[in-house]
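Trainee:
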Amino acid sequence: MMGNTWVRNMGQKVQKAWTDSGIWFLKASNNVTMRLRDARGQGTVEYAILVGVLVVIAIIAVVTFRGKLQELWDSISSGINKL
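Residue 134 is where the sequence shown ends in our numbering, and the numbering goes up by one at each step.
Here's what the structure looks like:
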């Protein structure tokens, strides 16, 4: 009889641990879901993405029109030096 009581107690402890871990998992997953639905930082992220895209476009434009920009810079520089 002593062995059966021990097995029953261990079974109850394992069931409680399993239930507690399941409850913890549900709470953790609900917390993650709530954080993903939170939109407080959404505007900041959108502006950061927009600025990043504009920087990439500016770099591409400078690389593409490097010769023309150098001519423009040289003409502005010589115009200022003539003053």
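Heads up, the beta-carbon is just placed ideally off N, CA and C, and yes, glycines get one too.
1. Could you check the C-alpha separation between Ser-128 and Lys-119 for me, to the nearest Å?
2. Can you give me the C-alpha to C-alpha distance between Val-107 and Leu-101, rounded to a whole angstrom?
3. Specify, as a first and last residue, the run of the alpha helix (DSSP H) that Leu-134 falls within.
Mentor: On the basis of the supplied data:
1. Your numbering for residue 128 matches position 77 in the sequence shown. Your numbering for residue 119 matches position 68 in the sequence shown. Answer to the nearest angstrom: the Cα atoms are 14 Å apart.
2. Here residue 107 corresponds to residue number 56 of the sequence shown, with the count starting at 1. Here residue 101 corresponds to residue number 50 of the sequence shown, with the count starting at 1. Whole-angstrom Cα-Cα distance: 10 Å.
3. For the purposes of this step, residue 134 is identified with residue 83 of the sequence shown, where counting begins at 1. Segment: none, Leu-134 is in no alpha helix (DSSP H) and carries neither H nor E.
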